[in-house]
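Worksheet for the structure shown next.
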Amino acid sequence: MTWLCLLQNRMIRSGLGRGLSVLSRNSLSIRSYHLYASGLGCHGALGDGITTEVTEENSPLRVESVKELDIVSADCGWGHSAVVTYDGNLYAFGRTHDMRNTVKVGRLWNKNPLLAKLMVNFGAFLSVDEPLPRHIEILDENHNRKTIAGVRCSAGTTAAITDDGQVCMFGSNRYGQCGIGNLDSFVWQPTQLKNVNESIVDVALGFQHGLALSRNGEVYVWGKGERGQLGKGVQFSPINF
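By my numbering, the letter at position 21 of the sequence shown is numbered 17, and the numbering carries on one by one without gaps.
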């Protein structure tokens, strides 16, 4: 199950999910792109509310809920997606925090799509955090808005990379996958990575762990590591690898 993002016919990001996310050039602006998507939409990850599935026959479809935004980059996780605009704003939609139900619904969909639809629309799985794109504001210590340069998504976890090289995390955190130094079940407000004092240029998020690459070539790891993902066991806050 794979999500793909393409930019001018060139793959720029890939993530785990069930579907396809495509960026195409906006003919009205040389700096931004249209967003297209297909695949399983019951998580809200397609940006048009809670839908069922966009199949090969009718895909990809343009995400109308973000058509007014000057999108320059996008990424997608298991059950949610996020976009960054030209002016450095971050928007997210889908199951941004609810990793457990994301997995449950995905498994049920593979076995019995009809039952999955009923449970999503009428049952306890109707726990989509953001059915439509919501602006995620990230502030510094002086309450000024931070400019977002990039975004990475995983299973109910999101990393926002600022233009000054900081990383702010939010989402599921049962295994420390937000890297903020504790095991709170959820991190609702974007919170800066702990123990990282270098400028970060890129982030990669696994199922329940993360890695960050600094401008100096250092790698930091955090999250669940019981199967060797981190090389150093479970880490609630980033450590230098």
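All residues carry an ideal CB built from backbone N, CA and C; glycine is no exception.
Quick caveat, the model's predicted, so the values are computed rather than measured.
Given GLU60, which residues of its chain have a CB within under 7 Å of its CB, disregarding the five upstream and five downstream residues? Sequence index remark: in the sequence shown, residue 60 carries index 64 (1-based). Around GLU60: ASP44.
Where DSSP assigns a beta bridge to VAL147, which residues make up the other side? One-based indexing of the sequence shown puts residue 147 at position 151. Answer is ALA156, bridged to VAL147.
Which two residues bound the contiguous alpha helix (DSSP H) that contains LEU104? Here the question's residue 104 lines up with position 108 in the sequence shown. Counting along the chain, the alpha helix (DSSP H) containing LEU104 begins and ends at 95 to 107.
Anyone know if the C-beta pair for VAL62 and VAL80 falls short of 8 Å? In the sequence shown, residue 62 corresponds to position 66, counting from 1. In the sequence shown, residue 80 corresponds to position 84, counting from 1. Judged by their CB atoms, VAL62 and VAL80 are not nearer to each other than the 8 Å cut-off.
Whole-number beta carbon distance between GLU64 and PHE89, since they are thought to touch under 8 Å: Counting from 1 along the sequence shown, the entry for residue 89 is found at position 93. Counting from 1 along the sequence shown, the entry for residue 64 is found at position 68. With a beta-carbon spacing of about 14 Å, PHE89 and GLU64 fall beyond the 8 Å limit used to define contacts.
Which residues does DSSP list as the beta-bridge partners of TRP218? In the sequence shown, the residue the question calls residue 218 occupies position 222. According to DSSP, which records beta bridges pairwise, TRP218 is partnered with GLY206.
Run through the DSSP bridge pairs and tell me what ARG141 is partnered with. Here residue 141 refers to the residue found at position 145 of the sequence shown. Paired residue(s): LEU135.
Helix, strand or coil, according to DSSP, for SER34 in the structure here? By one-based count along the sequence shown, residue 34 stands at place 38. The three-state secondary structure of SER34, taken from DSSP, is strand.
Less than 7 Å between C-beta atoms, sequence neighbours within five positions excluded: which residues of the same chain meet that for ASN85? Start at 1 with the first residue of the sequence shown, and residue 85 comes out as number 89. Non-local beta-carbon contacts of ASN85 in its own chain, meaning distances under 7 Å to residues more than five positions away in sequence, involve HIS131, ILE144 in chain order.
I'd like the span of the beta strand (DSSP E) that includes ALA41, first residue to last. Translated into the one-based positions of the sequence shown, residue 41 becomes position 45. Premise fails: ALA41 is in no beta strand (DSSP E) and is neither H nor E.
Does the beta-carbon of LYS142 have 16 or more other beta-carbons within 10 angstroms, so that it is buried, or is it exposed? Here residue 142 is taken as the residue at index 146 of the sequence shown, counted from 1. LYS142 counts as buried, since no fewer than 16 other beta carbons sit within 10 angstroms of its beta carbon.
Kindly give me the distance between the Cβ atoms of PHE203 and HIS93, rounded to whole angstroms, as I take these residues to be in contact under 8 Å. Position 207 of the sequence shown holds residue 203. Position 97 of the sequence shown holds residue 93. Rounded to whole angstroms, the Cβ separation of PHE203 and HIS93 is 15 Å, and the two are not in contact under 8 Å.
Taking 7 Å as the cut-off, is the C-beta of ARG103 nearer than that to any heavy atom in the ligand MG? With respect to the ligand MG, the structure shown offers nothing to examine, as it has no ligands at all.
According to the neighbour-count rule (16 or more other Cβ atoms, all chains shown, within 10 Å of its Cβ), is ASN169 buried or exposed? If you number the sequence shown from 1, residue 169 lands on position 173. With 16 or more other Cβ atoms within 10 Å, it is buried.
Under DSSP, the beta strand (DSSP E) around TRP184 begins and ends at which residues? Along the sequence shown, read from residue 1 onward, the residue named residue 184 stands at position 188. Element bounds for TRP184: 182 to 188.
Is CYS164 closer than 8 Å to PRO186 when the C-beta atoms are compared? Translated into positions along the sequence shown, residue 186 becomes position 190. Translated into positions along the sequence shown, residue 164 becomes position 168. Their beta carbons are under 8 Å apart, which means PRO186 touches CYS164 by this criterion.
Going straight from the alpha carbon of GLY219 to that of SER233, what length do you get? Numbered from 1 along the sequence shown, position 223 holds the residue referred to as residue 219. Numbered from 1 along the sequence shown, position 237 holds the residue referred to as residue 233. If I take the Cα positions, the gap works out to 7 Å.
Can you tell me the Cα-Cα spacing of CYS72 and ALA33, whole angstroms? Taking the sequence shown and counting its residues from 1, one reaches residue 72 at position 76. Taking the sequence shown and counting its residues from 1, one reaches residue 33 at position 37. Answer to the nearest angstrom: the Cα atoms are 10 Å apart.
Nearest-angstrom Cα distance between GLY40 and GLY75? As a first step, residue 40 is located in the sequence shown; it is residue number 44 there, counting from the start. As a first step, residue 75 is located in the sequence shown; it is residue number 79 there, counting from the start. Their Cα atoms are separated by approximately 7 Å.
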